[in-house]
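Take a look at the structure below.
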Amino acid sequence: MSAPAETLDPQPVPELPDDPYAPSSVSDAERFAIEVRDLGVRYSLRFTRKTTVRESFTNMFRRDEGPSHFWALRNVSFKVERGESLAVIGPNGAGKSTLLQVLAGIITPTEGEIDIRGQVSSLLTLGAGFDQDLSGRENILLAGAFLGMSTREIQGRLEDIVEFTDIGAFIDAPIRTYSSGMRARLGFSIATSVDPDLLLLDEVLSTGDQVFRAKSQARVMELVRAAKGIVLVTHDMNWVTEFCNRAMLLEHGQVIAEGDPAEIVELHKANSERTRAEKAAEAARIAATRAV
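Terminal number for the sequence shown in our numbering: 296, no gaps in between.
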């Protein structure tokens, strides 16, 4: 019988000033890893589903009805200090993953400005870059080159990445045979092996068994203590309150609040509960109307 998995005790989160945006003798370039100003991402609603040739032709002569676009993000502004771990939370569809994709360079914003200072490592870009027919080991070499590492650097870190991933013989099997959890393990191990200035994570810390989650949390805390910036999207409120210095709540593509993680989590819970109650009341009203 195997020994029970060890759990990771929460580590002290590095202290930040009460107001991280207060004036300082340190320049913004030295102080902030990320500065985002009035960011907006707009999508068209005209081609959101497949249409037939006949529909496309008739649509040319049809008067437009309803909105032609929607904003996935609008008027989003925030900063991330060096050494800060920022949690981005909110309901589904709030724009959290879109924000990470903008920071990772996957999506070009419609408006606004972004200043990112330093090397960025992201599971979003790494996952998209995996070659499905190559093995995990071969994808480590490929991803290392993608991240700008020299052949010597990649070879020097290869076995550490393999050991941390901890997927056994699957490391030499094609990526297409991996489960989503195994892909996340490999991606996280690669992304955190390059000692990035900024790390972008999207729900990866909820992946895997208890032992791997503990290892992941410990590695992220090492990056925080080494004065690296981290932006994390998660639905795990325990992680937000125990391991992040700040939190930001997104709803409908806009920043609702930003500040102390515990306070932002409570606000998110209250808003979520109110939304559930409103939906339940509306469903009851509709049911009562139909019963008449």
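Beta carbons are placed, not taken as given, at the ideal position from N, Cα and C, and that holds for glycine.
Predicted, not measured: the structure shown is a model, and the values here were computed from it.
Of the candidates Thr293, Met153, Ala266 and Lys232, the residue whose Cα lies closest to the Cα of tryptophan 243 is Ala266.
For lysine 83, the enclosing beta strand (DSSP E) covers residues 73-85. Per DSSP, the beta-bridge partners of glycine 44 are Glu115. Looking only at Ala230, Leu146 and Val269, the smallest Cα-Cα distance to arginine 86 is reached by Ala230. In the displayed model, alanine 91 falls within a strand according to three-state DSSP.
As summarised for the region 213-243, the continuous beta strand (DSSP E) elements at least 3 residues long and confined to that stretch are 233-237, given in chain order. The way I'd put it, the region 172-181 doesn't touch the region 193-207; fewer than three beta-carbon pairs between them come closer than 8 Å. Per DSSP, the beta bridge partners of glycine 263 are Ala251. Unbroken alpha helix (DSSP H) runs of no fewer than 4 residues, entirely contained in the region 139-210, are found at 140-150, 155-169 and 184-195, following chain order.
Scanning Gly116, Ser31, Val84 and Lys83 for the CA closest to the CA of valine 45 turns up Gly116.
Counting C-beta pairs closer than 8 Å gives three or more between the region 242-258 and the region 92-102, which meets the contact rule. A straight line joining the alpha-carbon of asparagine 275 with that of serine 81 spans about 21 Å. Membership of serine 125 in the beta strand (DSSP E) is indicated by the continuous run 124-126. Closest option to glutamate 270, judged by alpha-carbon separation, among Leu107, Gly109 and Ala251: Ala251.
The C-alpha of leucine 77 is placed about 15 Å away from the C-alpha of alanine 108. Going by DSSP, leucine 49 is part of no alpha helix (DSSP H) at all; its letter is neither H nor E. Assignment of alanine 295 by DSSP, reduced to helix, strand and coil, places it in the helix class. With fewer than three CB-CB distances shorter than 8 Å, the region 226-241 does not count as touching the region 179-190. The C-beta of glycine 160 has fewer than 16 other C-beta atoms within 10 Å across all chains shown, which makes the residue exposed. Check the Cα spacing between alanine 195 and each of Gly185, Asp213 and Arg223: the tightest is with Arg223. Of the residues Arg121, Ser193, Lys273 and Ala285, the one whose Cα lies closest to the Cα of arginine 35 is Arg121. With a threshold of 16 other beta carbon atoms within 10 Å, leucine 104 meets it and is buried. For the pair glycine 233 and glutamate 88, the Cα-to-Cα distance works out to about 5 Å.
CA-to-CA, the gap between lysine 83 and alanine 37 works out to about 8 Å. In this structure, the beta-carbon distance from threonine 245 to glutamate 207 does not fall below 7 Å. Rounded to whole angstroms, the gap between the alpha carbons of arginine 141 and valine 166 is 7 Å. As DSSP reads the structure, glutamate 39 sits in a beta bridge with Lys83 and Asp119.
Around the beta carbon of serine 197, 16 or more other beta carbons sit within 10 angstroms, so the residue counts as buried.
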